[in-house]
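Chains as they are written, first to last, in the numbering used here: chain Z, 6 to 365; chain V, 343 to 958.
Heads up, the beta-carbon is just placed ideally off N, CA and C, and yes, glycines get one too.
Remarks on the structure that follows.
In structure tokens:
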């Protein structure tokens, strides 16, 4: 509560910056559905990579919740089935191999730089770098009519979409009644959110071919708010076809037809848009560019599915409520809460988009 | 009014024990006959009779007439019993009669939905359901050997309508009838309409299966329909408006769908299909049955009982209301609905203590059972209670006022810093009626946890402090709102909710702490606020009186619980979307949709309240 900005207190607790002179071989492991530390996994890997060229450094990603690779079989998570026991496979074919080679053998693991389990397509893939070198950048544009497309808006139509965000009626982060964060919201059906008036929904047409993303999706929003602070939450979603079969068995009773599976999401607290050290108020009504990344993904949106993006300004109680006013939120009272009108621009130089890294 | 056993089979796993034994029991003890019984105009109605082999005493006749097929057809195909209740009639040796109504399945003639009653029949060509029932009974008494001359009629849902019609101008042999969840007055409150609002998902899904023309008598009827998604919200969003249904799915072939779209207000078409004016001079005793959580014909059960009471003095007319969804009293002890458990052996109690004693007395001269005028289940306290009237005479009306800052109180507001609360209703983002992904409707929506709705910015929420003593609601609820809209039409949905204490124990995975149990909710299509025959536009942003009746409830809000009221202007896809403009909604296009600013006033000068019937 005392350290509301990125100050010395937090800087002295920054691990990646100390990853110098790393001698041991390192294998960093992360889970696509880890609600706690997916950032840590990729940023430790990246820091070692950057600061220790030529060191033995590798990265593993699987369809796991926090620590799921170590304590579960990894064949299912919530309603989802991954087709094989991915954690077991990791433990036998990656972790054991890694330590055996380094502790009992000659250090030759035979493992690639990156092993990553591709959700959506349900297979392990290896890459010589992360994100994959071969990945191509593609921009997925928001259109004010609700379309989502790799083509930029033509310029006709309303130049923005808008909603009112009210901290007194925040958008829930889950439809489940729970007092805890848990894990499964990371892959939860987002239909409970897309029906709300305070959530913008952009949806592609049915994909005519598979689209596979690898690496961190980058959010590029052109926005205004009527407040002096606000949050932006961007969610990347895989929409299943209407006739998608339900999982078997299906103890949770999910209905996969038109299911909106959350793939990745992240929040940006508006005042930190230019850095965590220097909170800056928003100028009400002034178009402001918001750029940040969603944690890494390797996901295949299959032919016949749709890609959806949702934009909202609350994600409660996963994220505390931004009062809509530029204050030290840790010390704010409910009386500070203000409704704000939030606009996302979709036109010309202010066309908002997600920058995706796409592989075959 | 969907066929009750079909819907049950979809929703529950009925115990299957004894089915083959049942079939064997009927085969050993009954003879099946199939008759084509001629009506006065010559049309022959297909009638199946299961007649007891036992001739040691004469037997009463029990009739159910249905548009949902009397199958299995064929002299050697015997009924498979699906409910304990039905089994009990066979075990007691009733002559069991099942008839396809005129124009359905194997019966000749033309089918007419809720066929209008003809009060003054002038010739043999003037036929209706009362005359078809009369003619059938006349034939049965003469042609089924060993009958005791007494006839009972019962049925659920659409067959409940036929039971009502059998009670009007009844054949003298008809001693007792039991209309159960009876279709009674469309447009006003049953099935497809509530206070003029169109329950599109129920109507569409019913008629896209049931409504197709029949070329000739057939053992199979209706069609299957695959919406292509399990997600009703998505399906009806994709449908857009009711006006698209023909182009996309029905191709102008479903006559009654077109009738609905043609008759967008109360007119002579609907008036002719209102049974209430005709339930006069009744001779059979009546036992009207309904479920507090019947999404289809709650209105019919409560209002048929009331109409019979009003129009027939010194006539035996009784009401049974239990904590059931549509027809669930005839299922096998379905003792909970959704997250809420009500008790145990509820349908055994209904069968053994209410329905069977009623018919056994009237049809077989058994002792007169001590049936109360009203046997009603009190939810919240979860107990059966008996009253000599419904609503109970002792119930007193009391106003529950909306207050500022989301307050709710039996005390009128004495001051307030602001006049109203407001929200924007956008037909392009309607409030869901359920948190479940459901293709038709979620049978448990009528008591579903409303937390998913109270968290939305387009839903107003008012609640009392924790109650210091039990509050029992017994009777109808009247919403009296002072409100405005920025559009020229809109819907108003009012929901009365029981908020459980946070520390309520959770059985299994169901979280009941803080649960917001819907007790009663209903909708008014705004333009019908001054009458269903009288649509009137709203003057934008001007204070307007909104008054409508939500159906009866019998519920105790326990000490420590709270009473909550929610107000919203969409309830989708239970109710089609009001475009926010005064026009014929059945001809509306999505381009007509506009967001409207909805205000509910709650100041001392302009209070809004709910009138409740409170039983001390």
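Legend entry - For residue 495/V, the nearest candidate out of 548/V, 488/V, 679/V, 472/V (CA to CA): The count along the second chain starts at 1 and reaches residue 495/V at position 153. That would be 472/V, whose Cα lies nearest to the Cα of residue 495/V.
Legend entry - Own chain residues within Cβ distance below 8 angstroms of residue 12/Z, not counting five before or after: Residue 12/Z sits at position 7 when you count from the first residue of the first chain. Taken in chain order, the residues that qualify are 282.
Legend entry - For residue 795/V and residue 680/V, believed in contact at Cβ under 8 angstroms, the rounded distance: As a working note, residue 680/V is residue 338 in the second chain. As a working note, residue 795/V is residue 453 in the second chain. In fact, because the Cβ distance is near 15 angstroms, the residues do not count as touching under 8 angstroms.
Inset, instruction - Please work out which residues of its chain come closer than 7 angstroms, Cβ to Cβ, to residue 199/Z, disregarding the five sequence neighbours upstream and downstream, and give them in chain order. - result: By 1-based counting over the first chain, the position of residue 199/Z is 194. Excluding sequence neighbours, residue 199/Z sits near 206, 265, 315.
Inset, instruction - Please check if any C-beta of chain V sits within less than 8 angstroms of the C-beta of residue 353/Z. - result: Position 348 of the first chain, counted from the start, is the residue given in the question as residue 353/Z. No, no contact with chain V.
Inset, instruction - Show which residues of chain Z have a CB atom less than 9 angstroms away from the CB atom of residue 461/V. - result: One-based indexing of the second chain puts residue 461/V at position 119. What residue 461/V touches in chain Z: nothing, since even the nearest Cβ is about 48 angstroms away.
Legend entry - Where residue 936/V sits in the DSSP three-state scheme: Translated into the one-based positions of the second chain, residue 936/V becomes position 594. The answer is coil: DSSP assigns residue 936/V none of H, G, I, E or B.
Legend entry - Between the CA atoms of residue 593/V and residue 587/V - distance to the nearest angstrom: Taking the second chain and counting its residues from 1, one reaches residue 587/V at position 245. Taking the second chain and counting its residues from 1, one reaches residue 593/V at position 251. Going from the Cα of residue 587/V to the Cα of residue 593/V covers about 8 angstroms.
Inset, instruction - Apply the 10 Å Cβ neighbour rule to residue 296/Z and answer buried if 16 or more other Cβ atoms are within range, or exposed otherwise. - result: Taking the first residue of the first chain as 1, we reach residue 296/Z at position 291. Exposed is the call here.
Legend entry - Beta-carbon contacts of residue 415/V that lie in its chain and below 6 angstroms, excluding the five residues immediately before and after: Taking the second chain and counting its residues from 1, the one referred to as residue 415/V is at position 73. Taking C-beta separations shorter than 6 angstroms and ignoring five residues to either side along the sequence, the partners of residue 415/V in its chain run 561, following chain order.
Legend entry - Closer than 8 angstroms to chain V by CB, residue 180/Z: Residue numbering aside, residue 180/Z sits at position 175 when the first chain is read from its first letter. Cβ-Cβ to chain V under 8 angstroms: yes for residue 180/Z.
Legend entry - Top-ranked residue by Cα proximity to residue 511/V, from 461/V, 747/V, 422/V, 567/V: In the second chain, the residue the question calls residue 511/V occupies position 169. Checked all of 461/V, 747/V, 422/V, 567/V; the closest Cα to residue 511/V is 461/V.
Inset, instruction - Keeping to the same chain, check which residues put their C-beta closer than 7 angstroms to that of residue 78/Z; ignore five residues upstream and five downstream. - result: The residue you call residue 78/Z lines up with position 73 of the first chain. Short of 7 angstroms from the beta carbon of residue 78/Z, and not among the five residues preceding or following it, lie these beta carbons of its own chain, in chain order: 90, 92, 93.
Inset, instruction - Could you work out which residue in 933/V, 803/V, 569/V, 397/V is closest to residue 435/V when comparing CA atoms only? - result: As a working note, residue 435/V is residue 93 in the second chain. Out of 933/V, 803/V, 569/V, 397/V, 397/V has the C-alpha closest to the C-alpha of residue 435/V.
Inset, instruction - Please report how far the alpha carbon of residue 343/Z lies from the alpha carbon of residue 673/V, in whole angstroms. - result: Position 338 of the first chain, counting from 1, holds the residue named residue 343/Z. Position 331 of the second chain, counting from 1, holds the residue named residue 673/V. Straight across, the Cα-Cα distance linking residue 343/Z with residue 673/V is about 52 angstroms.
Inset, instruction - Taking residue 793/V as the query, report the chain Z residues whose CB atoms sit under 8 angstroms from its CB, ordered along the chain. - result: On the second chain, residue 793/V is found 451 positions in, with the first residue counted as 1. Those within 8 angstroms of residue 793/V in chain Z are 182.
Inset, instruction - May I ask you to list, following chain order, the residues of the region 558-580 of chain V that have a beta carbon less than 7 angstroms from some beta carbon of chain Z? - result: Those residues of the region 558-580 of chain V that come within reach of chain Z (Cβ to Cβ, closer than 7 angstroms) are 570, 571, 572, 573, 575, 576.
Legend entry - Spatial neighbours of residue 603/V in its chain, beta-carbon cut-off 6 angstroms, leaving aside the 5 residues before and after: Walking along the second chain from the start, residue 603/V turns up at place 261. Closer than 6 angstroms at the Cβ level, and outside the excluded window around residue 603/V, lie 928.
Legend entry - Within-8 angstroms CB hit, residue 196/Z to chain V: Taking the first chain and counting its residues from 1, one reaches residue 196/Z at position 191. Yes, residue 196/Z counts as interfacial toward chain V.
Inset, instruction - Give me the Cα-Cα distance between residue 644/V and residue 261/Z, rounded to the nearest whole angstrom. - result: Counted from its first residue, the second chain places residue 644/V at position 302. Counted from its first residue, the first chain places residue 261/Z at position 256. Between the alpha carbons of residue 644/V and residue 261/Z lies a gap of roughly 39 angstroms.
Inset, instruction - Report the rounded CA-to-CA distance for residue 550/V versus residue 584/V, giving the unit in angstroms. - result: Your numbering for residue 550/V matches position 208 in the second chain. Your numbering for residue 584/V matches position 242 in the second chain. Between residue 550/V and residue 584/V, the C-alpha separation is close to 13 angstroms.
Legend entry - residue 547/V - containing alpha helix (DSSP H), residue span: Position 205 of the second chain, counted from the start, is the residue given in the question as residue 547/V. First-last of the alpha helix (DSSP H) with residue 547/V: 542-552.
Legend entry - Option in 70/Z, 18/Z, 364/Z, 7/Z with minimal Cα separation from residue 221/Z: The residue you call residue 221/Z lines up with position 216 of the first chain. When the alpha-carbon of residue 221/Z is set against those of 70/Z, 18/Z, 364/Z, 7/Z, the nearest one is in 364/Z.
Inset, instruction - Find the residues of chain Z that neighbour residue 676/V, judging by a C-beta separation of less than 7 angstroms, and give them in chain order. - result: One-based indexing of the second chain puts residue 676/V at position 334. Those do not exist, as residue 676/V stays about 18 angstroms from chain Z at its closest Cβ, beyond 7 angstroms.
Inset, instruction - Using alpha carbons as the reference points, say which of 321/Z, 39/Z, 10/Z, 165/Z lies closest to residue 181/Z. - result: Along the first chain, read from residue 1 onward, the residue named residue 181/Z stands at position 176. If we check each option's Cα against that of residue 181/Z, 321/Z comes out closest.
Legend entry - Residues from the region 833-849 of chain V in contact with chain Z, defined by Cβ distance under 7 angstroms: With the criterion set as a beta carbon lying under 7 angstroms from some beta carbon of chain Z, the region 833-849 of chain V has no members that meet it.
Inset, instruction - Give a yes or no on whether the minimum CB-CB distance between residue 485/V and chain Z is below 8 angstroms. - result: Within the second chain, numbered from 1, the residue matching residue 485/V stands at position 143. Taking Cβ atoms only, chain Z never reaches closer than 8 angstroms to residue 485/V, which makes this a no.
Inset, instruction - List the residues of chain V that residue 201/Z touches, going by C-beta distances under 7 angstroms, in chain order. - result: For this step, residue 201/Z is matched to residue 196 along the first chain. The contacting residues are 771, 798.
Legend entry - Straight-line gap, residue 695/V to residue 517/V (C-alpha atoms, nearest Å): Within the second chain, the letter at position 353 stands for residue 695/V. Within the second chain, the letter at position 175 stands for residue 517/V. Within the model, the alpha-carbon separation for residue 695/V versus residue 517/V is close to 19 angstroms.
Inset, instruction - Let me know the secondary structure DSSP gives residue 368/V once reduced to three states. - result: The residue you call residue 368/V lines up with position 26 of the second chain. DSSP places residue 368/V in helix when its eight states are reduced to three.
Legend entry - Collapsed DSSP secondary structure at residue 458/V in the structure displayed: The residue labelled residue 458/V in the question sits at position 116 within the second chain. Residue 458/V falls in the coil class under three-state DSSP.
Legend entry - When 925/V, 621/V, 438/V, 470/V are compared against residue 526/V, the one with the closest alpha-carbon: Numbered from its first residue, the second chain carries residue 526/V at position 184. Measuring C-alpha to C-alpha distances from residue 526/V to each of 925/V, 621/V, 438/V, 470/V identifies 621/V as the nearest.
Legend entry - Cβ-Cβ separation, residue 865/V to residue 537/V (assumed contact under 8 angstroms), whole Å: By 1-based counting over the second chain, the position of residue 537/V is 195. By 1-based counting over the second chain, the position of residue 865/V is 523. About 6 angstroms; that satisfies the 8 angstroms criterion.
Legend entry - Backbone secondary structure at residue 668/V - three-state DSSP: In the second chain, counting from the first residue as 1, residue 668/V sits at position 326. Three-state result, residue 668/V: coil.
Inset, instruction - Please classify residue 123/Z: does DSSP put it in a helix, a strand, or coil? - result: Residue numbering aside, residue 123/Z sits at position 118 when the first chain is read from its first letter. Residue state, collapsed to three classes: strand.
Legend entry - CA-to-CA distance, residue 428/V to residue 697/V, given in whole angstroms: To locate residue 697/V, count along the second chain from 1; it is residue 355. To locate residue 428/V, count along the second chain from 1; it is residue 86. Each residue's Cα considered, the two are about 11 angstroms apart.
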